[in-house]
Each structure stands twice: as C-alpha cells, then as structure tokens.
Ligand SMILES: *[C@@H]1O[C@H](CO)[C@@H](O)[C@H](O)[C@H]1NC(C)=O
Ligand SMILES: *[C@@H]1O[C@H](CO)[C@@H](O)[C@H](O)[C@H]1NC(C)=O
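Here it is in structure tokens:
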C-alpha cells in the first residue's frame with residue numbers, strides 16, 4: 775500500500791482465517807487473511823486513514839487485569855512513528871469490539887526519520903495472542919530524497935522506490 779499525493783486511505787478486516795503454509799493449514803487472526811499484513815509505504819507529512827473492521831464475533835472473554843482476555847477485541851499501534859496519542863491517532867486504549875469499526879487518521883510527522891517500522895494490535899490482555907498469531911505488518915517511511923542524494927548507487931540499485939523488485943522485506947515473529 776503506497777501513499778499518493780500525500781495520502782493513503784485503506785481498510786483492513788480482522789478475522790479468523792485458515793492460512794496454508796506449504797502443507798500445513800493454520801487457523802489465525804489476520805489482516806485480510808494475509809500473513810503478515812500489507813506493508814504501508816509512506817512519506818513524511820503524509821496523512822494516513824485506516825479503517826479497522828473487526829469481523830470477529832462474540833462471545834467476549836472478560837477477565838481480571840493483567841491476564842489473557844478479550845481475544846476478539848483489537849486496536850492498532852504504529853510502532854516507531856512519532857505521532858499523537860489522542861484519538862483518532864495512536865491511542866492504545868481504543869477498544870474495537872467484535873463487529874465494530876474504527877477509523878484512525880495519522881499525520882506522519884515532518885521530522886519522522888526514514889526507516890522500517892511496524893504496526894500491531896496493542897490491547898492490554900490480547901496483544902500477545904493477536905501479535906504472535908499474525909496480526910502485524912510493516913511500515914516503511916521512505917526518504918523523500920531518492921537516488922544518489924539518499925544512498926550510494928550500489929544500494930539504490932537494489933532498493934525501492936526505483937528497484938523494488940530487489941527489495942526483500944523480512945518481519946520476524
Ligand atoms: C481488505 O478486505 C476488505 C473487504 O474485502 C476490502 O474492502 C479492503 O479493501 C481490503 N484491504 C486491502 C488493503 O486490500
Ligand atoms: C471470537 O471470534 C471467532 C470468529 O468469529 C469465534 O469463533 C469465537 O467464538 C469468538 N469468541 C472467542 C472468545 O473466541
């Protein structure tokens with residue numbers, strides 16, 4: 775997913791999917807059935823609008839503080855982006871309950887260092903289950919300068935945006 779003319783707008787479904795890894799079918803909470811979720815490619819100053827549609831269903835599993843619970847409630851944290859914690863930006867106290875939707879709007883800070891970051895749910899009680907299960911993906915903040923101004927020619931020759939075919943994205947869990 776790539777921003778154009780300073781903005782990126784998209785939606786992601788959260789649901790349980792059957793995902794086939796070679797000969798093994800696993801059952802996972804995923805973004806649009808994809809393991810891992812799609813990469814967001816953005817630039818400083820961009821506006822990103824993301825609607826999360828939580829397709830998971832009741833029942834809830836309510837529990838005491840600091841124990842696993844709410845496996846079907848979710849939210850999003852943009853790990854590494856220097857953005858606000860007030861809604862509708864990166865507020866990890868947002869609860870997107872089963873069947874609900876929520877639209878985040880992020881402004882990528884003009885001072886945000888170019889780099890590779892990631893997004894994942896950050897709901898206290900279900901973060902581990904959801905992140906380890908496959909709900910996460912990569913955020914790439916591109917350097918606004920490209921070519922020789924941004925990096926040496928031998929790196930530019932194997933890098934996005936002009937040579938993306940050589941770009942290998944690795945997300946470890
Ligand atoms: C995810 O799936 C929903 C429903 O099919 C679709 O509307 C949305 O565009 C998809 N998101 C992406 C990033 O492909
Ligand atoms: C969570 O959602 C799934 C998929 O809709 C459903 O099978 C399950 O019963 C729901 N509740 C819990 C506690 O897992």
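Residue numbers (the numbering used here): 775 to 947.
Glycine included, C-beta positions come from ideal geometry on N, C-alpha and C.
**Report entry** C-alpha gap between residue 790 and residue 863, whole angstroms
**Finding:** Residue 790 and residue 863: Cα-Cα distance of roughly 26 Å.
Query raised in the report: Measuring CA to CA, which of 879, 800 and 867 is closest to residue 901?
Result: The option with the nearest alpha carbon to residue 901 is 867.
Query raised in the report: What residues sit near ligand 1, counting only those whose C-beta is closer than 7 Å to one of its heavy atoms, in chain order?
Result: Residues with a Cβ closer than 7 Å to any heavy atom of ligand 1, in chain order: 775, 784, 785, 786, 787, 806 and 812.
Query raised in the report: Considering only the beta carbon of each residue, do residue 780 and residue 884 sit closer than 7 Å?
Result: Not a contact, by the Cβ cut-off of 7 Å.
Requested in this report: Please state whether DSSP places residue 912 in a helix, a strand or coil.
Outcome: It is a strand residue.
Query raised in the report: Which residue from 897, 890 and 886 puts its Cα closest to that of residue 869?
Result: Comparing Cα positions, the closest option is 897.
**Report entry** Nearest-angstrom Cβ-Cβ length linking residue 785 and residue 908, presumed shorter than 8 Å
**Finding:** That belief does not hold up - the Cβ atoms of residue 785 and residue 908 are roughly 18 Å apart, past 8 Å.
Query raised in the report: Roughly how far, in whole angstroms, is the beta-carbon of residue 888 from the beta-carbon of residue 916, given that I think they are within contact range, below 8 Å?
Result: Contact between residue 888 and residue 916 holds, since their C-beta atoms are separated by about 6 Å, short of 8 Å.
Query - When 935, 899 and 807 are compared against residue 914, the one with the closest alpha-carbon - result: Taking the Cα of residue 914 as reference, the smallest distance to any Cα among 935, 899 and 807 is reached at 935.
Query raised in the report: Applying the criterion that 16 or more other CB atoms from any shown protein chain within 10 Å of the CB defines a buried residue, is residue 921 buried or exposed?
Result: For residue 921, the predicted model reports a pLDDT of 48, less than 50, meaning its position is unreliable; a value from the coordinates is still stated below. Exposed, by the Cβ-count rule.
Query raised in the report: Taking C-alpha atoms, which residue in 847, 816 and 838 lies nearest to residue 831?
Result: Here the closest residue by C-alpha is 847.
Query raised in the report: Buried or exposed: which applies to residue 797, given that a residue is buried once 16 or more other Cβ atoms fall within 10 Å of its Cβ?
Result: When all chains shown are included, residue 797 counts as exposed.
Query - For residue 890, the first and last residue of its enclosing beta strand (DSSP E) - result: That run of the beta strand (DSSP E) goes 889–894.
Query raised in the report: What whole-angstrom Cβ distance do residue 801 and residue 787 have, given they're in contact under 8 Å?
Result: Not a contact, Cβ separation roughly 16 Å.
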